[in-house]
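Below you'll find the structure, written out as structure tokens, and then a few comments.
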Amino acid sequence: MEEDFEPGVQHQQRINPKIHDFIKNEVLKLLDAGLIYPISNTPWVSPVHYVPKKGGFTIVENEGNELIPTRLVTGWHVCIDYRKLNEATRKDHLPLPFMDQMLERLARNQYYCFLDGFSGYFQIPIDPKDQEKTIFTCPYRTFAYRRMPFGLCNASGTFQRIEVDKAKVEVIAKLPHLTTVKGIRSFLGHAGFYRRFIQDFSKIARPMTRLLEKDIPFLFSIECVEVFQTLKRKLIKAPILIAPDWDMPFELMCDASDFAIGAVMGQRQEKHF
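The opening position of the sequence shown corresponds to residue 21 in our numbering, with each subsequent residue numbered one higher.
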């Protein structure tokens, strides 16, 4: 915790009566699993919130007769508002490694073991003296966590370190065709983060980047649709990235056009592990 922090008690806000049973069932589920326990008399209290659980996309026409992609609400998520606690928490500034650096560390090993933690964050126990800081209030009483809950600012750094978010992959897979310049700029910005893993990214994306140029009329043509689908496939289907074999020769492949230049250094390897 930060040195000058002050414990905070946040009161529970009014909850939609239709959500009461859902919250009660979630609390009972956590109690039965031994993940939480009743507690009182603590300087820390955070309120329960509920947010809509969104599923697939649908297209809705707005007042300007524009077709806008909208997420469907399929249920509810119960979460804890830990903003006050997070403000007082000393942040875990963990530098995330690059994927190629991780692969280099894994190279030249004969055996690999892959483990998947069920209900990820709940695999990590909380120090008993710190459990009172996770107390949350709901319409029934106050409870504290024995295991690390979602919503804590250092939770993802403690557990994940780095991994692909499957939910984001599903969002990309179901993303409908873009209808605005802002949508194209946002998509290319996200896709560009992984451009070093997508061969000929600039060449592939050229029909879409052309729409961002000044005085170019917006027309999401069939060519743009094909580019959009190609980039989506390359984003959701991971390529084979392996560590280099320093005893093998490297090949440098170069290409250029009127608007782009690129180079890839690679190796021809038949055995990946």
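Cβ coordinates follow ideal geometry from the N, Cα and C atoms, glycine included.
Note that the coordinates shown come from a computational prediction; the quantities given were computed from them, not determined experimentally.
In this chain, the beta strand (DSSP E) harbouring Glu271 covers Glu271 to Ala276.
Gly212: member of the alpha helix (DSSP H) spanning Val201 to Gly212, first to last residue.
If you compare the alpha carbons of Pro269, Asp275 and Ala276 with that of Gln287, the shortest gap goes to Pro269. In the DSSP assignment, no residue is bridged to Val191. Beta-bridge partners of Thr90 (DSSP): Thr78.
As the crow flies, the alpha-carbon of Phe156 is around 41 Å from that of Arg125.
Pairing Phe163 with Ile43 gives a Cβ-Cβ distance that is not under 8 Å.
Per DSSP, Thr62 lies in no beta strand (DSSP E) segment and is marked neither H nor E.
Pro264 and Lys252 have their C-alpha atoms spaced approximately 27 Å apart.
In this model, Tyr132 and Lys234 are separated by some 51 Å (Cα to Cα). By the Cβ neighbour-count rule, Cys274 is exposed, with fewer than 16 other Cβ atoms within 10 Å of its own.
Rounded to the nearest whole angstrom, the C-alpha separation of Leu50 and Asn61 is 21 Å.
When the Cα atoms are used, Trp96 and Pro89 turn out to be separated by approximately 20 Å. As the crow flies, the alpha-carbon of Leu48 is around 16 Å from that of Pro169.
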